[in-house]
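A.B. asks:
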Amino acid sequence: MPTMCFQDDRPLSVAQFYSAFPSPWGGLQTYARFKVGELSPALKEAFCQYGIVKITDVFEPAEVERCMNVIKALSGLEDSDFPAVAQGTTDSFIFPGGIGHCPDLWPLVSDATVRKALDLLIDEPVCMITNTIGANFSSPGLHRDSVLDRPGTLDHDPGHYLIQVVIHANGPGRPKNSLAFIPFSHQRSIYARKSREAGVVHPADFFLIHHSVKMRALESGDCTELLEMERHIMKVDIDPGDIVLFDTRLIHSGDVLSSPKYMVINKYGPHSFFNDDLLIDVYKNTAPPNDCDFPEPFIEFLRRHDLMAPEAERALMAVDRVVLRNLAMLRPGSPMFIYGAGSAGRSFRVLLAERKLPDVQGFIDTNFSGEVDGLRCYSLSEYKEIHSKAHTILIVSTYGDEIRAGLEAVGIEGALDAFRFVKKKGNPYAF
């Protein structure tokens with residue numbers, strides 16, 4: 014069955030109603046599974062075909078439980094906190110770049126099975142690109158990760174992709190988790206062929222508006238469009254000890270936030286990916302303090318395991334310089350509002366304060382109204398009533414295009430996308 018990607022504030026009747034809808038992909042194989050001792054070149058063939066593979070029993074139960082306890086200690090969250098997180102009254106835990114600061118989790122990065130899989134999938138030296146630790150966290154909607162803004166990104170390009178490795182550390186006897194995805198959406202030609210075979214009429218990019226469709230359904234109570242979209246979602250279960258590797262071009266989302274979960278997400282790619290385009294993309298999709306955070310001891314660890322390229326080290330230093338130089342270009346004295354009150358927006362507010370840049374006057378959210386980190390958060394309808402052309406609105410969200418369209422629909426123009434702002438200032442990415 015497909016998975017429901019609502020948070021748990023959805024009406025129970027919606028979830029029950031939804032479960033009756035069959036997936037058109039049900040008759041097709043949509044991912045491949047391998048046992049830990051049976052990795053071969055067939056892994057790459059399957060990865061290119063499906064964009065997602067699962068390897069079972071990679072980590073022993075004791076190691077899974079150890080990692081779970083490490084993440085619990087980092088997050089400060091216990092299983093008993095989960096209901097409050099699911100209801101939105103307590104924050105989930107996301108630590109972009111956290112592994113670099115937590116040597117207890119470094120073995121997950123260099124694990125022999127993970128490394129063998131990466132070496133089979135990538136035909137040149139492999140480099141870690143980003144990492145994130147999460148607890149009780151589920152992404153808000155279907156999305157792609159690290160799709161470069163250039164022609165041919167979704168065309169056939171074997172071996173030249175970024176790979177996300179998902180490890181769920183839920184411990185023995187705990188509920189499994191899953192990754193929701195739109196099958197074959199990692200490659201244009203495969204999706205065209207397989208969607209015809211399955212009778213799917215929607216283009217892959219149709220599913221990228223999932224988050225806004227979900228919000229409209231919650232606001233209006235009309236779930237017609239959402240139900241049509243979500244019946245196309247498939248999922249791969251991730252049992253404790255398993256790993257899932259997927260092409261970052263694959264449209265995907267975290268599973269329903271229905272039980273406590275503790276996870277690590279590591280991103281790897283070939284050395285040749287470290288160029289200006291990648292740097293722009295990493296910055297565009299990552300809010301500082303970000304998951305490009307590589308402390309020197311961690312960089313040395315990656316060097317020892319041949320997972321850090323000189324090109325990557327130069328790119329990481331360049332990201333830091335770009336942040337410092339371009340944030341200083343924000344209008345001094347202009348009242349600043351951050352559109353996006355999630356972890357990215359809150360982190361960006363901290364960054365502005367550390368750089369002694371304009372104080373943030375408030376957050377903006379499409380629907381939420383209240384207080385976030387001691388600061389007023391205005392719903393879009395509320396902010397519209399106080400808006401002035403003297404304000405600077407900084408969009409800190411991977412849904413920047415949708416947010417900008419929403420602002421322009423109510424007559425507000427000129428908002429800056431924090432993730433794209435930097436690349437509009439000429440080319441600051443030269444090393």
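Each residue of the sequence shown is one higher than the one before, starting from 14 at the first, in this note's numbering.
Cβ coordinates follow ideal geometry from the N, Cα and C atoms, glycine included.
Is it right to say R157 is buried, meaning 16 or more other beta carbons lie within 10 angstroms of its own, or is it exposed?
C.D. replies: By one-based count along the sequence shown, residue 157 stands at place 144. Label assigned to R157: buried.
A.B. asks: Please state if the CB of P120 and the CB of N183 are separated by a distance shorter than 8 Å.
C.D. replies: Translated into the one-based positions of the sequence shown, residue 183 becomes position 170. Translated into the one-based positions of the sequence shown, residue 120 becomes position 107. Contact flag unset, no.
A.B. asks: Cβ of K48 within 7 Å of any heavy atom in the ligand FAD?
C.D. replies: What this structure holds is no ligand at all, so the ligand FAD is not there to describe.
A.B. asks: Under three-state DSSP, which class holds T143?
C.D. replies: Taking the first residue of the sequence shown as 1, we reach residue 143 at position 130. It is a strand residue.
A.B. asks: Run the CB neighbour count on H318, radius 10 Å, all protein chains shown included, and call it buried at 16 or more, exposed below.
C.D. replies: Here residue 318 refers to the residue found at position 305 of the sequence shown. When all chains shown are included, H318 counts as exposed.
A.B. asks: Helix, strand or coil for I425, going by three-state DSSP, please let me know.
C.D. replies: Numbered from its first residue, the sequence shown carries residue 425 at position 412. I425 falls in the coil class under three-state DSSP.
A.B. asks: Give a yes or no on contact between the segment 76 to 91 and the segment 59 to 67, applying the rule of three or more CB pairs nearer than 8 Å.
C.D. replies: No, they do not touch.
A.B. asks: Taking buried to mean at least 16 other C-beta atoms within 10 Å of its own C-beta, is S191 buried or exposed?
C.D. replies: Counting from one through the sequence shown, the residue named residue 191 turns up at place 178. Buried.
A.B. asks: For Y44, which of helix, strand or coil comes out of DSSP?
C.D. replies: For the purposes of this step, residue 44 is taken as residue 31 along the sequence shown, with counting starting at 1. Here Y44 sits in coil by DSSP.
A.B. asks: Beta carbon of P54, beta carbon of L131: below 8 Å?
C.D. replies: Reading the sequence shown from its first residue, position 41 is the one you call residue 54. Reading the sequence shown from its first residue, position 118 is the one you call residue 131. Not a contact, by the Cβ cut-off of 8 Å.
A.B. asks: Using 8 Å for Cβ pairs, my map puts V458 next to I264. What's the rounded Cβ distance?
C.D. replies: Outside the displayed span of the chain (14 to 444) sits residue 458, for which this structure offers no information.
A.B. asks: Residues in the same chain with beta-carbon distance under 6 Å from D260, minus the five sequence neighbours each way, listed in chain order, please.
C.D. replies: Indexing the sequence shown from 1 puts residue 260 at position 247. The answer, listed in chain order, is G64, Y174, H199.
A.B. asks: Beta-carbon within less than 7 Å of H400's beta-carbon, same chain only, minus the 5 sequence neighbours each way: which residues are those?
C.D. replies: Walking along the sequence shown from the start, residue 400 turns up at place 387. These residues qualify, in order along the chain: I425.
A.B. asks: Out of curiosity, what's the CA-to-CA distance linking V49 and T69?
C.D. replies: As a working note, residue 49 is residue 36 in the sequence shown. As a working note, residue 69 is residue 56 in the sequence shown. So the alpha carbons of these two residues sit roughly 6 Å apart.
A.B. asks: Looking only at its own chain, which residues have a Cβ that is under 8 Å from the Cβ of D386, when we skip the five neighbours before and after it?
C.D. replies: Translated into the one-based positions of the sequence shown, residue 386 becomes position 373. Same-chain partners within the cutoff: R359, R362.
A.B. asks: Count the other CB atoms within 10 Å of the CB of N298; is the residue buried (16 or more) or exposed (fewer)?
C.D. replies: Mapped onto the sequence shown, residue 298 falls at position 285. The predicted model places N298 with a pLDDT of 48, which falls under 50 and marks its position as unreliable, so this point remains unresolved.
A.B. asks: Would C115 pass as a contact of A325 if the rule is Cβ separation under 8 Å?
C.D. replies: Numbered from its first residue, the sequence shown carries residue 115 at position 102. Numbered from its first residue, the sequence shown carries residue 325 at position 312. No.
A.B. asks: Determine whether the beta carbon atoms of T126 and V178 lie at a separation below 8 Å.
C.D. replies: In the sequence shown, residue 126 corresponds to position 113, counting from 1. In the sequence shown, residue 178 corresponds to position 165, counting from 1. Their beta carbons are not under 8 Å apart, which means T126 does not touch V178 by this criterion.
A.B. asks: Tell me which same chain residues have a C-beta within less than 7 Å of the C-beta of K57, skipping the five on either side of it?
C.D. replies: What you label residue 57 is simply residue 44 of the sequence shown in a count that begins at 1. Around K57: L133, L134.
A.B. asks: Taking all protein chains shown into account, do 16 or more other C-beta atoms lie within 10 angstroms of the C-beta of T237, making it buried, or fewer, making it exposed?
C.D. replies: To locate residue 237, count along the sequence shown from 1; it is residue 224. Exposed.
A.B. asks: Quick check on Q200: does DSSP put it in helix, strand or coil?
C.D. replies: Working through the sequence shown from its first residue, we reach residue 200 at position 187. In this structure, Q200 counts as coil in the three-state DSSP scheme.
A.B. asks: So what does A193 bridge to, in DSSP terms?
C.D. replies: Taking the sequence shown and counting its residues from 1, one reaches residue 193 at position 180. In the DSSP output, where bridge partners are listed per residue, A193 has K248, S266.
A.B. asks: Can you look up R254 in the DSSP assignment and give me helix, strand or coil?
C.D. replies: For this step, residue 254 is matched to residue 241 along the sequence shown. Checking the displayed sequence, the identity of residue 254 turns out to be Gly instead of Arg. It is coil, neither helix nor strand.
A.B. asks: In this structure, how does DSSP classify E384 when only helix, strand and coil are distinguished?
C.D. replies: Taking the sequence shown and counting its residues from 1, one reaches residue 384 at position 371. Here E384 sits in strand by DSSP.
A.B. asks: Have a look at E384, L388, G383, T43 and flag the residue whose alpha-carbon is nearest the alpha-carbon of V373.
C.D. replies: Taking the first residue of the sequence shown as 1, we reach residue 373 at position 360. Minimum Cα distance to V373 is reached at L388.
A.B. asks: How many angstroms separate the CA atom of D94 from the CA atom of E73?
C.D. replies: Locating residue 94 in the sequence shown gives position 81, counting from the first residue. Locating residue 73 in the sequence shown gives position 60, counting from the first residue. So the alpha carbons of these two residues sit roughly 26 Å apart.
A.B. asks: According to DSSP, is L155 part of a helix, a strand, or is it coil?
C.D. replies: As a first step, residue 155 is located in the sequence shown; it is residue number 142 there, counting from the start. Here L155 sits in coil by DSSP.
A.B. asks: When burial is assigned at 16 or more other CB atoms within 10 Å of the CB, is G234 buried or exposed?
C.D. replies: Taking the sequence shown and counting its residues from 1, the one referred to as residue 234 is at position 221. It is exposed - the Cβ of G234 has fewer than 16 other Cβ atoms within 10 Å.
A.B. asks: To the nearest angstrom, how far is it from the Cα of G427 to the Cα of P323?
C.D. replies: Translated into the one-based positions of the sequence shown, residue 427 becomes position 414. Translated into the one-based positions of the sequence shown, residue 323 becomes position 310. In a straight line, the C-alpha of G427 is about 38 Å away from that of P323.
A.B. asks: Identify whether D414 lies in helix, strand or coil by the three-state DSSP scheme.
C.D. replies: Within the sequence shown, numbered from 1, the residue matching residue 414 stands at position 401. If DSSP states are grouped into helix, strand and coil, D414 belongs with the helices.
A.B. asks: For I142, which of K67, L41, F286 has the nearest alpha-carbon?
C.D. replies: Start at 1 with the first residue of the sequence shown, and residue 142 comes out as number 129. Measuring from the Cα of I142, the nearest candidate turns out to be F286.
A.B. asks: Is the beta carbon of N144 sitting closer than 8 Å to the one on I112?
C.D. replies: For the purposes of this step, residue 144 is taken as residue 131 along the sequence shown, with counting starting at 1. For the purposes of this step, residue 112 is taken as residue 99 along the sequence shown, with counting starting at 1. Against a cut-off of 8 Å, the Cβ pair of I112 and N144 comes out as a contact.
A.B. asks: Nearest-angstrom Cα distance between G212 and P37?
C.D. replies: In the sequence shown, the residue the question calls residue 212 occupies position 199. In the sequence shown, the residue the question calls residue 37 occupies position 24. Approximately 7 Å, taken between the alpha carbons.
A.B. asks: Taking 7 Å as the limit between beta carbons, can you name the residues of its chain near D378, skipping five residues before and five after?
C.D. replies: Locating residue 378 in the sequence shown gives position 365, where the first residue counts as 1. Closer than 7 Å at Cβ, skipping near neighbours: A354, C390, S392.
A.B. asks: As a quick exercise: from A148, K67, E309, L52, pick the residue whose alpha carbon is nearest that of S105.
C.D. replies: Working through the sequence shown from its first residue, we reach residue 105 at position 92. Closest option to S105, Cα to Cα, is A148.
A.B. asks: With a threshold of 8 Å on Cβ separation, who are the neighbours of E415 within its own chain once the five nearest residues in sequence on each side are excluded?
C.D. replies: What you label residue 415 is simply residue 402 of the sequence shown in a count that begins at 1. Taken in chain order, the residues that qualify are I222, H224, S225.
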